[in-house]
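Trainee: I'd like to ask some things about the structure below.
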Amino acid sequence: MKIIAAAMAAVLMVQPVMAERLPELGDASQEGLTPQQEREIGETAMREIRRSGEMVDDPEIIAYITWLGAKLTYAAEVTEPQFTFFPLLDPSINAFAMPGGYVGVHTGLIVQAQHESEVAGVLAHEIAHVTQHHMARMVEGMKSAPWVTLAAIAAAILAGSAGRGDAAAAIISGGMAVQVRRQLDYTYSFEQEADRIGMQTLQQSGFDPSAMATFFEKLQNYNRIVENNAPEFLRTHPVTSKRISEAQSRLGQMPYKQVPDSADFLFVREKCRTLQMKGRESINYYQKMIAEKRYANEAAQRYGLALAHYMNREYESAWQALQKAKASFEGGKTSHPALEYLAGNIRLAQGKNTEAVNILTAASRRFSASRALTYGLIDAQIAAGDYKAAQDEIDDALSMYASDPQLYLRSAKLYAKQGKIMLQYQMQGEYYARLKEYTMALEQFQLALRQPGEDFYLRSGIEVRVRELTPLVMSDQKK
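So this is what it looks like as structure tokens:
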């Protein structure tokens, strides 16, 4: 099973363009799963996905899908639960959501989308699955089965998200997850409802509502060409000609609106593409596309080539390609956070730490909303040995993003560089705590207490965290 959902708290104001409100179909359906149970299932599956190593920790990709989800959920007036987006390095065309608001997006979905509105269409469809509590309604019909547990449901979701079908499910839970998955397939009525509401969300959020029908039709045609190799989205959300026809019929009631792709989407799509390719494959791909001028956006293609060289450790070639990308972006009159982030990372990889600091300092001030640039600047300051500046940057960032795990991870690295081992373990503990990896967090705090040091307040604070985490670890062990 793959349940797609989306979104976090709204960060973009979008004027609704339709007066019709979303139907309140989900309120009475939550008897099958309480909000706390949904959260427990999601957290359990999330930990396993993170431990699999397939999760992409790239800050730019995370920021993009978070922004996209926020824009859609604001339009759909979604406030609960709070959602967490995460990308998975997987070339299959898919995305999925788990109970509790955890949403995974495969890089393949972004790469294969011709336009940004198509990605938004998939997410809008699945936001509707969540807002209408389709999973809770399905679980309600299963509650008479005594062998159905939260762990079995989590295993079924995990198997589906891994894209390995019944074999993975059997490995995870001895076959129990297979039975659960087969009972958690979306019905046609749920799919139809998600299509209708998702299209409303697309229009309300300012995207092209026709993109949903267009993308579904594209997937169906692809499935006909590649027999027995259907995109993951089709396997778990069967797209029929009737559903496509119904979607096209709804479009007749909506005004046509052509929506240009954002620069963020164009750059993130090429980053996802390079991550999926191996070795020099990505360099050859971009050189061919550029030579034959087979692109809709030159700057994005040249950025992809620069990134491909960078990932292959060809740093001077990466730098030269990046200059051409910058010159072709908006006629060289302005820049973009993705271009500056890559520039700083290239110079950092070349050991030109001071230049990297200068590039990232200027860029982070200019594009203050870019978390990636903040991370990059801290990394460059640590590499340059400017520990005070790095500490100031971390402190400023934590004042705004107190729950950001990546800031604690960089803080731990900074303390390690200075030989402040107790503080290093403390920050590593905070990092794991924010990932809800409570056992590993507790281990780090306990290691911190074993270090020498007479700072009473520091030691007392760590002891408090040990007391707070101990019952959480015991609760996890009981699940």
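The sequence shown runs -19 to -1, 1 to 460 under mature numbering (1 follows the signal peptide of the UniProt record, and there is no 0). Virtual Cβ for every residue (Gly too), placed ideally from N, Cα, C.
Which first and last residues belong to the beta strand (DSSP E) in which LEU69 is found?
Mentor: On the sequence shown, residue 69 is found 88 positions in, with the first residue counted as 1. That run of the beta strand (DSSP E) goes 65 to 69.
Trainee: By DSSP, does MET36 sit in helix, in strand, or in coil?
Mentor: As a working note, residue 36 is residue 55 in the sequence shown. Three-state result, MET36: strand.
Trainee: With distances taken Cα to Cα, identify the nearest neighbour of LEU183 among GLY34, TYR356, LYS52 and GLN268.
Mentor: The residue given as residue 183 occupies position 202 in the sequence shown. The candidate whose alpha carbon is nearest that of LEU183 is LYS52.
Trainee: Give the secondary structure of residue 470 by DSSP, where H, G and I count as helix, E and B as strand, and everything else as coil.
Mentor: Lying outside -19 to 460, the shown extent of the chain, residue 470 is not represented and no answer is given.
Trainee: Which same chain residues end up closer than 7 Å to ALA44 when comparing Cβ atoms and leaving out the 5 residues on each side of it in sequence?
Mentor: Taking the first residue of the sequence shown as 1, we reach residue 44 at position 63. The residues are ARG352 and ALA353.
Trainee: If you run the structure through DSSP and keep just helix, strand and coil, what is VAL445?
Mentor: Start at 1 with the first residue of the sequence shown, and residue 445 comes out as number 464. In the structure shown, VAL445 sits in a helix (DSSP, three-state: H, G or I).
Trainee: Just the C-alpha distance for GLY410 and GLY366, rounded to the nearest angstrom, thanks.
Mentor: Locating residue 410 in the sequence shown gives position 429, where the first residue counts as 1. Locating residue 366 in the sequence shown gives position 385, where the first residue counts as 1. Looking at the two C-alpha atoms, the distance is approximately 24 Å.
Trainee: Which one or two residues does DSSP pair with residue 507 in a beta bridge?
Mentor: What the structure shows of the chain is the stretch from -19 to 460, and residue 507 is not part of that stretch, so it cannot be assessed.
Trainee: DSSP three-state label for TYR83, please.
Mentor: Here the question's residue 83 lines up with position 102 in the sequence shown. TYR83: strand per DSSP, three-state reduction.
Trainee: Is the separation between the beta-carbon of TYR412 and that of LEU390 shorter than 7 Å?
Mentor: As a position in the sequence shown, residue 412 is number 431, starting the count at 1. As a position in the sequence shown, residue 390 is number 409, starting the count at 1. Yes; because the gap between Cβ atoms is below 7 Å, this pair is in contact.
Trainee: Classify PHE188 as helix, strand or coil using the three-state DSSP reduction.
Mentor: By 1-based counting over the sequence shown, the position of residue 188 is 207. It is coil, neither helix nor strand.
Trainee: Per the DSSP calculation, PHE77 is bridged to which residue(s)?
Mentor: Residue 77 sits at position 96 when you count from the first residue of the sequence shown. Bridge partners of PHE77: GLY85.
Trainee: Comparing alpha-carbon positions, which option in ALA393, THR355 and LYS398 lies nearest MET381?
Mentor: Against the sequence shown, residue 381 aligns to sequence position 400. Looking at the Cα atoms, THR355 is the closest of the given residues.
Trainee: Taking only runs of the alpha helix (DSSP H) that begin and end inside the region 245 to 276, which ones reach a length of at least 4 residues, in chain order?
Mentor: Qualifying alpha helix (DSSP H) stretches, in chain order: 262 to 272.
Trainee: For ALA403, does the three-state DSSP call read helix, strand or coil?
Mentor: Residue mapping note: residue 403 aligns to position 422 of the sequence shown, counting from 1. A quick correction: the sequence has Met, not Ala, at residue 403. Reduced to three states, the DSSP call for MET403 is helix.
Trainee: Using the three-state DSSP reduction, which class does THR182 fall into: helix, strand or coil?
Mentor: Counting from one through the sequence shown, the residue named residue 182 turns up at place 201. Of the three classes helix, strand and coil, the one that applies to THR182 here is helix, per DSSP.
Trainee: I'd like the span of the alpha helix (DSSP H) that includes THR315, first residue to last.
Mentor: In the sequence shown, counting from the first residue as 1, residue 315 sits at position 334. From DSSP, THR315 is part of no alpha helix (DSSP H); its letter is neither H nor E.
Trainee: Run the CB neighbour count on PHE437, radius 10 Å, all protein chains shown included, and call it buried at 16 or more, exposed below.
Mentor: Counting from 1 along the sequence shown, the entry for residue 437 is found at position 456. Label assigned to PHE437: exposed.
Trainee: One question on the structure: do GLY85 and LEU70 come within less than 7 Å of each other, judged by their Cβ atoms?
Mentor: One-based indexing of the sequence shown puts residue 85 at position 104. One-based indexing of the sequence shown puts residue 70 at position 89. No, these two residues do not count as a Cβ contact at 7 Å.
Trainee: When DSSP labels each residue in this structure, what does GLU295 get in the three-state scheme?
Mentor: Locating residue 295 in the sequence shown gives position 314, where the first residue counts as 1. It is coil, neither helix nor strand.
Trainee: Identify which residue in TYR368, HIS96 and ARG440 has its Cα closest to the Cα of MET403.
Mentor: Residue numbering aside, residue 403 sits at position 422 when the sequence shown is read from its first letter. It is ARG440 whose Cα lies nearest to the Cα of MET403.
Trainee: Would you grab the beta carbon distance between TYR291 and ILE327 for me? Rounded to a whole angstrom, and I think it's under 8 Å.
Mentor: By one-based count along the sequence shown, residue 291 stands at place 310. By one-based count along the sequence shown, residue 327 stands at place 346. Indeed, because the Cβ distance is near 6 Å, the residues count as touching under 8 Å.
Trainee: Please classify ALA383: does DSSP put it in a helix, a strand, or coil?
Mentor: Along the sequence shown, read from residue 1 onward, the residue named residue 383 stands at position 402. Residue state, collapsed to three classes: coil.
Trainee: Tell me the rounded alpha-carbon separation between ALA383 and PRO452.
Mentor: The residue you call residue 383 lines up with position 402 of the sequence shown. The residue you call residue 452 lines up with position 471 of the sequence shown. Roughly 23 Å separates the two Cα atoms.
Trainee: So what does DSSP say about GLY144, is it helix, strand or coil?
Mentor: Position 163 of the sequence shown, counting from 1, holds the residue named residue 144. Unreliable positioning characterises GLY144 in this predicted model, as indicated by a pLDDT of 48, which lies under 50. The coordinate reading is nonetheless provided below. Looking at GLY144 - three-state DSSP - the assignment turns out to be coil, as it is neither helix nor strand.
Trainee: When you compare only the Cα positions, how much space is there between ARG20 and PHE66?
Mentor: For this step, residue 20 is matched to residue 39 along the sequence shown. For this step, residue 66 is matched to residue 85 along the sequence shown. So the two alpha carbons sit approximately 14 Å from each other.
Trainee: Using only alpha-carbon positions, find the residue among ALA194, SER263 and GLN113 that is nearest to SER170.
Mentor: Looking up residue 170 in the sequence shown gives position 189. Comparing Cα positions, the closest option is GLN113.
Trainee: Report the rounded CA-to-CA distance for GLN95 versus VAL37, giving the unit in angstroms.
Mentor: Residue numbering aside, residue 95 sits at position 114 when the sequence shown is read from its first letter. Residue numbering aside, residue 37 sits at position 56 when the sequence shown is read from its first letter. Those two C-alpha atoms are separated by around 22 Å.
Trainee: Please state whether DSSP places ALA101 in a helix, a strand or coil.
Mentor: For this step, residue 101 is matched to residue 120 along the sequence shown. In the structure shown, ALA101 sits in a helix (DSSP, three-state: H, G or I).
Trainee: Over what stretch of residues does the alpha helix (DSSP H) that includes MET421 continue unbroken?
Mentor: The sequence position of residue 421 within the sequence shown is 440, counting from 1. From DSSP, the alpha helix (DSSP H) with MET421 extends over 419 to 430.
Trainee: Under the three-state reduction of DSSP, which class applies to SER349: helix, strand or coil?
Mentor: If you number the sequence shown from 1, residue 349 lands on position 368. In the structure shown, SER349 sits in coil (DSSP, three-state: anything other than H, G, I, E or B).
Trainee: Can you tell me whether SER98 is buried or exposed? The criterion is at least 16 other CB atoms within 10 Å of its CB, across all chains shown.
Mentor: Locating residue 98 in the sequence shown gives position 117, where the first residue counts as 1. Label assigned to SER98: buried.
Trainee: Considering Cα atoms alone, identify which of LEU428, GLY82 and LYS305 is closest to THR320.
Mentor: Position 339 of the sequence shown holds residue 320. The question names Thr, but residue 320 is Leu in the sequence shown. Here the closest residue by C-alpha is LYS305.
Trainee: For LYS237, which three-state DSSP category applies?
Mentor: Position 256 of the sequence shown, counted from the start, is the residue given in the question as residue 237. Residue identity check: residue 237 is Tyr in the sequence provided, not Lys. Here TYR237 sits in coil by DSSP.
Trainee: If you draw a straight line from the C-alpha of SER456 to the C-alpha of LYS401, how long is it?
Mentor: Here residue 456 refers to the residue found at position 475 of the sequence shown. Here residue 401 refers to the residue found at position 420 of the sequence shown. Distance between the alpha carbons of SER456 and LYS401 is about 32 Å.
Trainee: For LYS398, which of helix, strand or coil comes out of DSSP?
Mentor: Residue numbering aside, residue 398 sits at position 417 when the sequence shown is read from its first letter. In the structure shown, LYS398 sits in a helix (DSSP, three-state: H, G or I).
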